[in-house]
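Novice:
Protein chains in written order, with this note's numbering: chain L, 1 to 201; chain P, 1 to 201.
Take a look at the structure:
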């Protein structure tokens, strides 16, 4: 898989602790285009964090003038304590599966925040500090269904950020996998873990 | 279908205007238990409102200590103008598909707000002013799949509240229906329209 990674992280910004600098709030945005399953990915990640890892989570989608372009997004705010303000303010982590989503949402990433892109889709990355994996290509070539690019991404997010436990994300993926697709979804998630682990080295 | 309705609305509280008393904000909660497809229903309703009807919409799920019981919920806030505060405060409309969800969330309904319950599941309704339809039973007996109770509910919500256009909700249901299930989902939605229309008379 290592040969498929198209960028190496320039700094070691992954931390195993769930928040940086002791702040009790972590903001995640999953973005791309409609049809890439990002809202479902947001729901799965939230269920993993909220039900599996027992955090407080608010997961949201907004639709408005700015949302009627091609870009689709799902936001997840997670904290140990209560979440008083449920909207994202400055992202700790952004996943961008398309160039358009990357261009649109990168400005919302806070300094030191983590950017994860689909390296096959996002060719002009606005920073040198990012993680790139070809999620869509991996889904097609390794699993045989493009649709699981979102699940591979969730595996990579778990590995890169350490924000969610692997057991919780596994359980949440399985709980939401349509009957008959459990095996492919599990395989996709594990591919996300391993591809990200190799890239981090 | 008329014979299947188990309660008549005691007052005519449905309005065709999108908000009551000219307020530019409408808060909806879809509630029940996990597995009833309420988050998907919230996503479909939001896409209908935001993409089809061009409203501003924030759709959210919360997971926290209070959410780890059996009750599941999805919240939708819709407005013509900008939504500054995305959390629900006082519900204009509550859908409750289980007794537990009805007991838990009815206190959040504002005075004059609309309560819609699954009359086969919610046997102790905390008010006399409500709409009751046996969504789960209708799904099983008329469509042949229990899983579409959420889509029947969406049809009833459109008919009872007038908050979302029927064309927009049809388009949104079809956009989210898994391949091969389009016909059953359309039938389920139209059953929701007609059952609610009969009950309103």
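Every residue, glycine too, gets a C-beta built ideally from N, C-alpha and C.
For a contact defined as C-beta to C-beta under 8 Å, what are the partners of residue 39 (chain L) on chain P?
Specialist: Within the first chain, numbered from 1, the residue matching residue 39 (chain L) stands at position 39. The answer, in chain order, is 43.
Novice: Return the residues of the stretch 49-77 of chain P that lie within a Cβ-Cβ distance of less than 8 Å from chain L, sorted by chain order.
Specialist: Against chain L - using a Cβ distance shorter than 8 Å - the residues of the stretch 49-77 of chain P are 49, 50, 51, 54, 55, 56, 57, 58, 59, 60, 61, 62, 63, 64, 65, 67 and 68.
Novice: Please classify residue 199 (chain L): does DSSP put it in a helix, a strand, or coil?
Specialist: In the first chain, residue 199 (chain L) corresponds to position 199, counting from 1. Residue 199 (chain L): helix per DSSP, three-state reduction.
Novice: When the cut-off is 7 Å and only beta carbons count, does residue 46 (chain P) lie next to chain L?
Specialist: Counting from 1 along the second chain, the entry for residue 46 (chain P) is found at position 46. Closer than 7 Å: yes.
Novice: Under three-state DSSP, which class holds residue 91 (chain P)?
Specialist: For the purposes of this step, residue 91 (chain P) is taken as the residue at position 91 of the second chain. Three-state result, residue 91 (chain P): strand.
Novice: Name the chain L residues whose beta carbon is nearer than 7 Å to that of residue 86 (chain P)?
Specialist: Taking the first residue of the second chain as position 1, residue 86 (chain P) is located at position 86. What residue 86 (chain P) touches in chain L: 60, 86 and 87.
Novice: For residue 79 (chain P), write down the residues that DSSP places opposite it in a beta bridge.
Specialist: Position 79 of the second chain holds residue 79 (chain P). For residue 79 (chain P), which the question treats as bridged, DSSP gives the partners P:56.
Novice: Taking the continuous beta strand (DSSP E) assigned at residue 173 (chain P), which residues delimit it?
Specialist: By one-based count along the second chain, residue 173 (chain P) stands at place 173. Not the beta strand (DSSP E): residue 173 (chain P) falls in the alpha helix (DSSP H), residues 166-176.
Novice: DSSP has residue 71 (chain L) in a bridge; who is on the other side?
Specialist: As a working mapping, residue 71 (chain L) is identified with position 71 in the first chain. Its beta-bridge partners are L:33.
Novice: How long is the line joining the alpha carbons of residue 73 (chain L) and residue 168 (chain L), rounded to whole angstroms?
Specialist: As a working mapping, residue 73 (chain L) is identified with position 73 in the first chain. As a working mapping, residue 168 (chain L) is identified with position 168 in the first chain. Cα to Cα, residue 73 (chain L) sits roughly 22 Å from residue 168 (chain L).
Novice: Report the three-state DSSP secondary structure of residue 118 (chain P) (helix, strand or coil).
Specialist: Residue numbering aside, residue 118 (chain P) sits at position 118 when the second chain is read from its first letter. The answer is strand: DSSP assigns residue 118 (chain P) an E or B state.
Novice: Terminal residues of the continuous alpha helix (DSSP H) containing residue 64 (chain L)?
Specialist: For the purposes of this step, residue 64 (chain L) is identified with residue 64 of the first chain, where counting begins at 1. Taken as a continuous stretch (DSSP letters only), residue 64 (chain L) belongs to no alpha helix (DSSP H), as it is neither H nor E.
Novice: Can you give me the Cβ contacts of residue 101 (chain P) inside the same chain, cut-off strictly under 6 Å, excluding the 5 residues immediately before and after it?
Specialist: Stepping through the second chain from its first residue, residue 101 (chain P) is reached at position 101. Only 31, 32 and 71 meet the Cβ criterion.
Novice: For residue 131 (chain P), write down the residues that DSSP places opposite it in a beta bridge.
Specialist: Along the second chain, read from residue 1 onward, the residue named residue 131 (chain P) stands at position 131. Partner(s): P:116.
Novice: Expressed to the nearest angstrom, what Euclidean distance is found between the alpha-carbon atoms of residue 136 (chain P) and residue 111 (chain L)?
Specialist: On the second chain, residue 136 (chain P) is found 136 positions in, with the first residue counted as 1. On the first chain, residue 111 (chain L) is found 111 positions in, with the first residue counted as 1. About 49 Å.
Novice: Pick out whichever of L:61, L:194, L:97 and L:80 has its Cα sitting closest to the Cα of residue 156 (chain L).
Specialist: Position 156 of the first chain, counting from 1, holds the residue named residue 156 (chain L). It is L:194.
Novice: Compute the Euclidean distance between the alpha carbons of residue 191 (chain P) and residue 199 (chain P), then round it to the nearest angstrom.
Specialist: Reading the second chain from its first residue, position 191 is the one you call residue 191 (chain P). Reading the second chain from its first residue, position 199 is the one you call residue 199 (chain P). Computed Cα separation, rounded: 12 Å.
Novice: Alpha carbon to alpha carbon, what distance is there between residue 164 (chain L) and residue 52 (chain L)?
Specialist: Here residue 52 (chain L) refers to the residue found at position 52 of the first chain. Here residue 164 (chain L) refers to the residue found at position 164 of the first chain. Looking at the two C-alpha atoms, the distance is approximately 9 Å.
Novice: Measure the Cβ-Cβ separation of residue 109 (chain P) and residue 94 (chain P) and say whether it is below 7 Å.
Specialist: The count along the second chain starts at 1 and reaches residue 109 (chain P) at position 109. The count along the second chain starts at 1 and reaches residue 94 (chain P) at position 94. Yes, Cβ-Cβ distance for residue 109 (chain P) and residue 94 (chain P) is below 7 Å.
Novice: What are the boundary residues of the alpha helix (DSSP H) that includes residue 99 (chain P)?
Specialist: Numbered from its first residue, the second chain carries residue 99 (chain P) at position 99. Element bounds for residue 99 (chain P): 99-105.
Novice: By DSSP's criteria, residue 84 (chain L) is part of a beta bridge. Which residues make up the other side?
Specialist: For the purposes of this step, residue 84 (chain L) is taken as residue 84 along the first chain, with counting starting at 1. Paired residues: none, contrary to the question.
Novice: I need the DSSP call for residue 109 (chain L), collapsed to helix, strand or coil.
Specialist: Within the first chain, numbered from 1, the residue matching residue 109 (chain L) stands at position 109. Here residue 109 (chain L) sits in strand by DSSP.
Novice: Just to check my reading of the structure: residue 97 (chain L) and residue 36 (chain L) have Cβ atoms closer than 8 Å, yes? What is that Cβ distance to the nearest angstrom?
Specialist: As a position in the first chain, residue 97 (chain L) is number 97, starting the count at 1. As a position in the first chain, residue 36 (chain L) is number 36, starting the count at 1. Indeed, because the Cβ distance is near 5 Å, the residues count as touching under 8 Å.
Novice: Taking a contact to mean a Cβ-Cβ separation below 7 Å, would you say residue 140 (chain P) touches residue 146 (chain P) in this structure?
Specialist: Residue 140 (chain P) sits at position 140 when you count from the first residue of the second chain. Residue 146 (chain P) sits at position 146 when you count from the first residue of the second chain. Result yes, Cβ atoms of residue 140 (chain P) and residue 146 (chain P) sit closer than 7 Å.
Novice: Does DSSP classify residue 186 (chain L) as helix, strand or coil?
Specialist: Locating residue 186 (chain L) in the first chain gives position 186, where the first residue counts as 1. Reduced to three states, the DSSP call for residue 186 (chain L) is helix.
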